[in-house]
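> One structure, pasted below without further comment.
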Ligand code: ACO
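Numbering (the UniProt record's numbering), first residue to last: 4 to 326.
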């Protein structure tokens, strides 16, 4: 039986850091309001020459290096983004070319903030099917380009960045390892689409559009949906909250993260939090947080790691990995 084992992680952030205080001259807000409601202190904002693809490339090269591989070893790229460089070709194909890869296949996947959980699940299935052997799974976003910088209720929440992870197909008997993706659960329900959306697109307005959100409505549904899909994953894998070594949730809002962990019974010291420094980077938030916790020595081989995300659509899902 084939298992998808994590070989390495990498991440990239734009150079420019925007602190809460920097918004005080742009919209009517305060550092105190943003901190209290969201836990965000700062976020990175892409400069003119930083794009979803350039950030993805930086993160990808670091993940490939951390895996002890070369770009030529990769035969599948799944790139989760809601902010691609172009409507087409896919940012994944542009990245593939930048990495000098001309074999295998690459495509974008769009599930907004749940994009990384969807991409990881998709790559896992390709590896298990035997269609690919080494996958680069990426979440990369430049949400600053779709924000309404006059809307204080949304512009303070998001940041830009990219995170990447290399998955390798491993035959259990061949290596004796027992790590890998254990279980994934994905959900979506389009009846919630008006609560969080972008008001433009190629087939409607012909413009890129701006992000629109009913924050309170999103908040109301988030914790229930997140904990429900995680409990489903626990049941499928026959594990409990006590078995989890690290909980790496989508980093949208500190209050959602804390409430979800509490409801599940996961101890606060097992929760990886980066929303304070990164803001909400949509599909990039989980792989960015993973890379932080791997590089600072928290996540180690053999740990049981729980990922979770929820976002526009709504889409949501969870993945359990033995690291
Ligand atoms: N600064 C100061 N005041 C503000 C700001 C701001 N940046 N933004 C909104 N306000 C005001 C509002 O205008 C409102 O004023 P009013 O009472 O005079 O009308 C007041 O603050 C309260 O607004 P609410 O929207 O009700 O505030 P709430 O406590 O719900 O917090 C927030 C807003 C932080 C957006 C919260 O609803 C939230 O976190 N929602 C989850 C949304 C989320 O995280 N989405 C991310 C994308 S989805 C995902 O990734 C899961």
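Yeah, the Cβ is synthetic: ideal placement off N, Cα and C, and Gly gets one too. Nothing here was measured: the structure is a model prediction, and the numbers come from that model.
Are residue 307 and residue 323 close, meaning C-beta to C-beta below 8 Å?
Within the chain shown, numbered from 1, the residue matching residue 307 stands at position 304. Within the chain shown, numbered from 1, the residue matching residue 323 stands at position 320. Inclusion of residue 307 and residue 323 in the CB contact set at 8 Å is warranted, their separation being smaller than that value.
> Residue 23: buried (16+ other C-beta within 10 angstroms of its C-beta) or exposed?
One-based indexing of the chain shown puts residue 23 at position 20. Taking a 10 Å sphere around the C-beta of residue 23, we find 16 or more other C-beta atoms and assign the residue as buried.
> If you drop the 5 nearest sequence neighbours on each side, which residues of the same chain put their C-beta closer than 8 Å to that of residue 55?
Counted from its first residue, the chain shown places residue 55 at position 52. So the list reads 84, 86, 87, 88, 94, 143, 144, 145 and 165, once near-sequence residues are dropped.
> Can you grab the Cα-Cα spacing for the pair residue 259 / residue 222, in whole Å?
Here residue 259 corresponds to residue number 256 of the chain shown, with the count starting at 1. Here residue 222 corresponds to residue number 219 of the chain shown, with the count starting at 1. The alpha-carbon atoms of residue 259 and residue 222 are separated by roughly 7 Å.
> Using a Cβ-Cβ cut-off of 7 Å (strictly less than) and excluding sequence neighbours within five positions of residue 282, which residues of its own chain qualify?
Locating residue 282 in the chain shown gives position 279, where the first residue counts as 1. Excluding sequence neighbours, residue 282 sits near 43, 46, 160, 161 and 162.
> Could you tell me which of 167, 26, 155 and 29 sits nearest to residue 138, measuring between CA atoms?
To locate residue 138, count along the chain shown from 1; it is residue 135. Closest by alpha carbon: 167.
> Hey, is residue 36 close to the ligand ACO, as in C-beta under 7 Å from one of its heavy atoms?
Position 33 of the chain shown, counted from the start, is the residue given in the question as residue 36. Yes.
> Determine the extent of the alpha helix (DSSP H) in which residue 291 is found, giving its start and end residues.
Position 288 of the chain shown holds residue 291. Residue 291 -> alpha helix (DSSP H) spans 288-298.
> Alpha carbon to alpha carbon, how far is residue 178 from residue 188?
Taking the chain shown and counting its residues from 1, one reaches residue 178 at position 175. Taking the chain shown and counting its residues from 1, one reaches residue 188 at position 185. Annotation note: pLDDT 49 at residue 178 (below 50); position unreliable, coordinate value reported separately. Going by the C-alpha atoms only, they are around 27 Å apart.
> Figure out for me which residue from 211, 267 and 225 has the closest Cα to the Cα of residue 217.
As a working note, residue 217 is residue 214 in the chain shown. Closest option to residue 217, Cα to Cα, is 225.
> Any chance you could list the residues with Cβ under 7 Å from a heavy atom of the ligand ACO, keeping chain order?
30, 31, 32, 33, 36, 37, 40, 41, 116, 155, 156, 159, 160, 199, 216, 218, 219, 221, 222, 225, 253, 255, 256, 258, 259, 283, 285, 313, 314 and 315
> Any idea if residue 10 is buried or exposed, counting beta-carbon neighbours within 10 angstroms, 16 or more meaning buried?
Within the chain shown, residue 10 is the residue found at index 7, counting from 1. Label assigned to residue 10: buried.
> Could you please give the first and the last residue of the uninterrupted alpha helix (DSSP H) stretch that includes residue 96?
On the chain shown, position 93 is the one that residue 96 refers to. Note, residue 96: alpha helix (DSSP H), 94-101.
> Buried or exposed for residue 29, going by 16 or more other Cβ atoms inside 10 Å?
Within the chain shown, numbered from 1, the residue matching residue 29 stands at position 26. The residue is exposed, with fewer than 16 neighbouring Cβ atoms inside 10 Å.
> Use the C-beta contact count for residue 299: other C-beta atoms within 10 angstroms, 16 or more gives buried, fewer gives exposed.
Within the chain shown, residue 299 is the residue found at index 296, counting from 1. Exposed, because fewer than 16 other Cβ atoms sit within 10 Å of the Cβ of residue 299.
> Residue ranges of each alpha helix (DSSP H) run of no fewer than 4 residues wholly in the segment 145-196, ordered along the chain?
155-158 and 175-178
> When DSSP labels each residue in this structure, what does residue 47 get in the three-state scheme?
As a working mapping, residue 47 is identified with position 44 in the chain shown. DSSP places residue 47 in strand when its eight states are reduced to three.
> In chain order, what residues of the same chain have a beta carbon less than 6 Å from the beta carbon of residue 191, not counting five sequence neighbours either side?
By one-based count along the chain shown, residue 191 stands at place 188. Answer for residue 191: 316 and 318, listed in chain order.
> If distances are taken between C-alpha atoms only, which option among 303, 80 and 279 comes closest to residue 35?
Locating residue 35 in the chain shown gives position 32, counting from the first residue. Minimum Cα distance to residue 35 is reached at 279.
> Please report the straight-line C-alpha distance between residue 4 and residue 175, rounded to a whole angstrom.
If you number the chain shown from 1, residue 4 lands on position 1. If you number the chain shown from 1, residue 175 lands on position 172. Just so you know, the alpha carbons of residue 4 and residue 175 end up roughly 6 Å apart.
> For residue 124, which of helix, strand or coil comes out of DSSP?
For this step, residue 124 is matched to residue 121 along the chain shown. Residue 124: helix per DSSP, three-state reduction.
> How long is the line joining the alpha carbons of residue 106 and residue 220, rounded to whole angstroms?
One-based indexing of the chain shown puts residue 106 at position 103. One-based indexing of the chain shown puts residue 220 at position 217. Distance between the alpha carbons of residue 106 and residue 220: 44 Å.
> Quick one, which of 117, 326 and 130 has its alpha-carbon nearest residue 229's?
The residue given as residue 229 occupies position 226 in the chain shown. Answer by Cα proximity: 117.
> Based on the DSSP output, what are the partners of residue 19 in its beta bridges?
As a position in the chain shown, residue 19 is number 16, starting the count at 1. Residue 19 is bridged to 48.
> Assuming residue 108 is part of the alpha helix (DSSP H), what are its boundary residues?
By one-based count along the chain shown, residue 108 stands at place 105. From DSSP, residue 108 is part of no alpha helix (DSSP H) but of the beta strand (DSSP E) over 108-112.
> According to DSSP, what are the bridge partners of residue 311?
Residue mapping note: residue 311 aligns to position 308 of the chain shown, counting from 1. Answer is 252 and 321, bridged to residue 311.
> Along the chain, where does the alpha helix (DSSP H) containing residue 136 start, and where does it finish?
Residue numbering aside, residue 136 sits at position 133 when the chain shown is read from its first letter. Careful: residue 136 lies outside any alpha helix (DSSP H) and carries neither H nor E.
> I think residue 309 touches residue 251, with their Cβ atoms under 8 Å apart; what is that distance to the nearest whole Å?
Residue 309 sits at position 306 when you count from the first residue of the chain shown. Residue 251 sits at position 248 when you count from the first residue of the chain shown. Their Cβ separation, rounded to whole angstroms, is 7 Å, which keeps residue 309 and residue 251 in contact under 8 Å.
> Do residue 63 and residue 112 have their C-beta atoms closer together than 8 Å?
Looking up residue 63 in the chain shown gives position 60. Looking up residue 112 in the chain shown gives position 109. Taking 8 Å as the Cβ cut-off, residue 63 and residue 112 do not qualify as a contacting pair.
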